[in-house]
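All residue numbers for the sequence shown refer to numbering that gives the first Met the number 0, where the first residue is 0 and numbers rise by one. Glycine residues also receive a C-beta, built at the ideal position from the N, C-alpha and C atoms.
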Amino acid sequence: MKDLDIEITLSSKKKTIPPFDQLEFGRTFTDHMFIWDYTEGKGWHDPRIVPYQSIALDPAATVFHYGQTVFEGLKAYHTKDEQILLFRPDQNMKRLNRSNDRLCIPKIDEELALSALKQLIAVDRDWVPTVEGTSLYIRPFIIATEPHLGVEPARNYRFMIILSPVGAYYKEGINPVRIAVESDYVRAVAGGTGNAKTAGNYAASLKASESASENGYSQVLWLDGKERQYIEEVGSMNIFFKINGEVITPVLNGSILEGITRKSIIELLKYWNIPVVERKISIHEVQQAYNDGLLEEAFGTGTAAVISPIGELFWQNEKLAINNGEIGQLSKKLYDSLTGIQKGTEPDPFGWTLKL
Ligand SMILES: *Cc1c(COP(=O)(O)O)cnc(C)c1O
0 MKDLDIEITL SSKKKTIPPF DQLEFGRTFT DHMFIWDYTE GKGWHDPRIV PYQSIALDPA
60 ATVFHYGQTV FEGLKAYHTK DEQILLFRPD QNMKRLNRSN DRLCIPKIDE ELALSALKQL
120 IAVDRDWVPT VEGTSLYIRP FIIATEPHLG VEPARNYRFM IILSPVGAYY KEGINPVRIA
180 VESDYVRAVA GGTGNAKTAG NYAASLKASE SASENGYSQV LWLDGKERQY IEEVGSMNIF
240 FKINGEVITP VLNGSILEGI TRKSIIELLK YWNIPVVERK ISIHEVQQAY NDGLLEEAFG
300 TGTAAVISPI GELFWQNEKL AINNGEIGQL SKKLYDSLTG IQKGTEPDPF GWTLKL
């Protein structure tokens, strides 16, 4: 494991750490942040940890106009024996570089970026919350900073990492969510940027989420942009169905984001010898399975919630109630196992966790 030589400037005025049982998602940030600059011809230079602060950018910076930017999201967990665990952070750095490639952003050295992430968390170690279900959310991201309105890849970039202590996603037990199948808007198309973690995808998704929530649904289920029938994702999560004993998730087709939770669930299911397949699955097939009484469970997966069971799917004026609106047995088992590995209360046969 390579180490990045980082200049560290500690904050002279420490913030008050909020009570760990009252945290919201992504509103409070720790005392420090990491910055690494890129200049064409020079590469990535001047890695530094500085007090958390505003940044000054030229109003013509490419990121503001053409959205040349990528991000990642992962969590650090406090264990019972006072250790801090990261969950598959190498996978996030790999994915960051895949997103970089798609957005014409220069690659980072994955090991050095991970070293930076570990050093930043070590500096803000007291901010990793200790209350059951809480964690430290880590947001690495890169923006194009060159002041230039020409449409071409920028020559200058900034890689940053910020940290935010986040509350338990499920405070009163896991409640399945109601999901509306989206038939007007699409999230991404094959050949587009759906498989990159880049800002534009999220900006483009807001309108559909907003109308779903006006109708009492917590998120939308996205269909493919071409035939408008194959299932892609749910909100900003990957999706799984359990139909007649078999677990099915849409195969990665270029417009689906390759979730690390998704990948881990597939690996866990295989380890347990539970049938799991990655293939195209249409909304019609799901409806048919429902009509035949074979649709057993459905759930979204992602870093924030880990597993988010779907209790109802609304599609063409029909409500498909899944597992009586309750969390399914397999969803529960996957949730317990994954969160157990993440916080170090369950054995980790895959070597997924990394001690700080
Ligand atoms: C980040 C993300 C996911 C989930 O990825 P994880 O690595 O499991 O957190 C799924 N879909 C979209 C669109 C995402 O942005």
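- Query: How far does the beta strand (DSSP E) with HIS77 in it reach, from first residue to last?
  - Reply: Residue numbering aside, residue 77 sits at position 78 when the sequence shown is read from its first letter. Taken as a continuous stretch (DSSP letters only), the beta strand (DSSP E) holding HIS77 covers 73 to 77.
- Message: I'd like to know whether the C-beta atoms of ASP36 and ASN174 end up nearer to each other than 9 Å.
- Response: For this step, residue 36 is matched to residue 37 along the sequence shown. For this step, residue 174 is matched to residue 175 along the sequence shown. No, the Cβ-Cβ distance between ASP36 and ASN174 is not below 9 Å.
- Length at least 3, wholly inside the region 38 to 89: the beta strand (DSSP E) runs in chain order: 42 to 50, 68 to 70, 73 to 77 and 83 to 86
- Message: Could you check whether the Cβ of GLY301 sits closer than 8 Å to any heavy atom belonging to ligand 1?
- Response: Taking the first residue of the sequence shown as 1, we reach residue 301 at position 302. Yes, the beta carbon of GLY301 sits closer than 8 Å to at least one heavy atom of ligand 1.
- Item | Inter-residue Cα distance where the pair is PRO17 and SER163 | Translated into positions along the sequence shown, residue 17 becomes position 18. Translated into positions along the sequence shown, residue 163 becomes position 164. Roughly 11 Å separates the two Cα atoms.
- Query: Could you give the distance in angstroms between the alpha-carbon of ASP30 and the alpha-carbon of GLN52?
  - Reply: As a first step, residue 30 must be located in the sequence shown, where it is residue number 31. As a first step, residue 52 must be located in the sequence shown, where it is residue number 53. Spanning the alpha carbons of ASP30 and GLN52 requires a straight line of approximately 9 Å.
- Sheet register partners of VAL305 (DSSP bridge): Position 306 of the sequence shown, counted from the start, is the residue given in the question as residue 305. VAL305 pairs with GLY301.
- Message: Looking at the strands, I want to know which residues DSSP matches up with TYR136.
- Response: Along the sequence shown, one-based indexing puts residue 136 at 137. TYR136 pairs with LYS74 and SER163.
- Query: Hey, is the region 304 to 311 in contact with the region 331 to 351, meaning 3+ C-beta pairs nearer than 8 Å?
  - Reply: yes
- Name the two residues that bound the continuous alpha helix (DSSP H) containing THR362. Nothing can be reported for residue 362: it is not among the residues displayed for the chain, which extend from 0 to 355.
- Cβ contact check for the region 266 to 274 and the region 332 to 352: 3 or more pairs under 8 Å: yes
- Any non-hydrogen atom of ligand 1 closer than 8 Å to LEU256 Cβ: Residue mapping note: residue 256 aligns to position 257 of the sequence shown, counting from 1. Yes.
- PHE239 bridges to which residues according to DSSP? As a first step, residue 239 must be located in the sequence shown, where it is residue number 240. Partner(s): PHE298.
- Within the region 192 to 237, note down every full beta strand (DSSP E) run reaching 3 residues or more, in order along the chain. 218 to 222 and 230 to 233
- Item | Exposure of ASP4, with buried meaning 16 or more beta-carbon neighbours within 10 Å | Within the sequence shown, residue 4 is the residue found at index 5, counting from 1. Flag for ASP4 reads exposed.
- Query: THR248 bridges to which residues according to DSSP?
  - Reply: Walking along the sequence shown from the start, residue 248 turns up at place 249. For THR248, which the question treats as bridged, DSSP gives the partners GLU277.
- Residue nearest to GLN341 in terms of C-alpha spacing, selected from TRP126, ALA60 and GLY132: As a first step, residue 341 must be located in the sequence shown, where it is residue number 342. For GLN341, the nearest C-alpha among the options comes from GLY132.
- Query: Hey, how far is the Cα of GLU39 from the Cα of ALA207?
  - Reply: As a position in the sequence shown, residue 39 is number 40, starting the count at 1. As a position in the sequence shown, residue 207 is number 208, starting the count at 1. Whole-angstrom Cα-Cα distance: 39 Å.
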